[in-house]
Amino acid sequence: MKMTVVTTFHDKGYKTYGKRMIETFLQNWPDTVSLVVYAENCEVVEQAPNLIVKDLHQSSPELVAFKERWKDVPKAIGKLATGPVNVKGKQQGIGFKWDAVRFAHKTYSIFDCAKNTDSDFLIWMDADTVCHSPVTVKQLNRLIPQDKDLCFLGRRGKYTECGLYAMNLKSPSVQVFLNKFQWMYDDAENGIFKQQEWHDSFIFDVVRKHIALNELDWSSHLITGEGHPLINSEWGAYLDHLKGDRKTSGRSKLSDLRVQRNESYWLSK
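Under our numbering, the first residue of the sequence shown is numbered 73, with each subsequent residue one higher.
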């Protein structure tokens, strides 16, 4: 079963975390798995037979068109109040949950890669991920079963954590999912902007819940509302996700762990 991992970053992201992601991926993943990087206005210096670097804007004219249409529209970049203040004092329409332009870089990278790879599975991995320990082909085949359409990190009572997920590109249902997912952005006025929130994780759930998919939730064992599911799933044996201010410290906090981890990466902290 052939697998490809895809990610994207801009110049600051490359210097802050993307470079480390590439280096640790090349060190710890099987060389039979390709990493496709969509670089936005930056030069990637790493080289390897299984590392493919693409210019994000050249590869995705659909993204360029989306950004040109929406980059200066307040509601599309999380700068227009669209509803009441919630119980946490957050103004609907203000903030990252409504910054569609920011997250479009990610989704259009996925759409382009899905159309231009011959792999069986396409794995999205956020560029602020550290591949801290070796993972084998056998382990990957167990984590991403061939009979599943979609594998992801669900969070009960909250939108999916889309820092990591895998799609079976040979599945007709996944192709329907991808086509609908892209339509939500291509026709944003009738797609993402009709939703309660318009970041990629929310839209991911909106689309998948309307399509019959054979799914695997990697974090189904976790408590309701778990905020950092990746490191508390089986993937935590191999990956760390530097969400938010964790990028500054260079790793997740021990307080983020809800399960016991015995890997040297975690024990050494």
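We put the beta carbon where it would ideally sit given N, CA and C, even for glycine.
Using only the alpha-carbon positions, how far apart do residue 158 and residue 164 sit? 7 Å
Assuming the contact rule is C-beta atoms closer than 8 Å, residue 239 and residue 294 should be a hit. Round their C-beta distance to whole Å, please. Residue 239 to residue 294, Cβ: 22 Å. No contact.
Count the other CB atoms within 10 Å of the CB of residue 141; is the residue buried (16 or more) or exposed (fewer)? exposed
With a threshold of 8 Å, are at least 3 pairs of Cβ atoms found where one atom belongs to the segment 216-234 and the other to the segment 146-156? no
Going residue by residue through the segment 97-143, where are the continuous beta strand (DSSP E) segments of at least 3 residues, counting only ones entirely within it? 106-112 and 123-127
I need the DSSP call for residue 149, collapsed to helix, strand or coil. strand
With 16 other CB atoms within 10 Å as the buried threshold, where does residue 254 fall? buried
According to DSSP, is residue 257 helix, strand or coil? helix
Supposed contact pair residue 198 and residue 235 - C-beta distance, whole angstroms, cut 8 Å: 4 Å
Are the C-beta atoms of residue 283 and some chain D residue less than 8 Å apart? No chain D is present in this structure, which holds just one protein chain.
Check the DSSP bridge columns for residue 339 and list the partner residues they point to. Answer is none; residue 339 lacks a bridge partner.
Write down every uninterrupted run of the alpha helix (DSSP H) in the segment 287-335 whose length is 4 residues or greater and which is fully enclosed by it, in chain order. 301-304 and 318-321
Ordered along the chain, which non-local residues of its own chain (more than five positions away) have a Cβ less than 7 Å from that of residue 316? none
When DSSP labels each residue in this structure, what does residue 171 get in the three-state scheme? strand
Provide the residue(s) that pair with residue 75 in DSSP beta bridges, ordered along the chain. 193
Tell me the DSSP secondary structure of residue 240 in three-state form. strand
What does DSSP give as the partner residues of residue 207 in its beta bridges? DSSP lists no partner for residue 207.
Classify residue 85 as helix, strand or coil using the three-state DSSP reduction. helix
Compute the Euclidean distance between the alpha carbons of residue 326 and residue 338, then round it to the nearest angstrom. 8 Å
For residue 192 and residue 171, I'd like the C-alpha separation in whole angstroms. 31 Å
Option nearest residue 286 by Cα separation, candidates 108, 90, 220 and 124: 220
Looking at the secondary structure, which residues open and close the alpha helix (DSSP H) in which residue 280 lies? 272-280
Beta-carbon proximity check, residue 272 vs residue 178, cutoff 8 Å: yes
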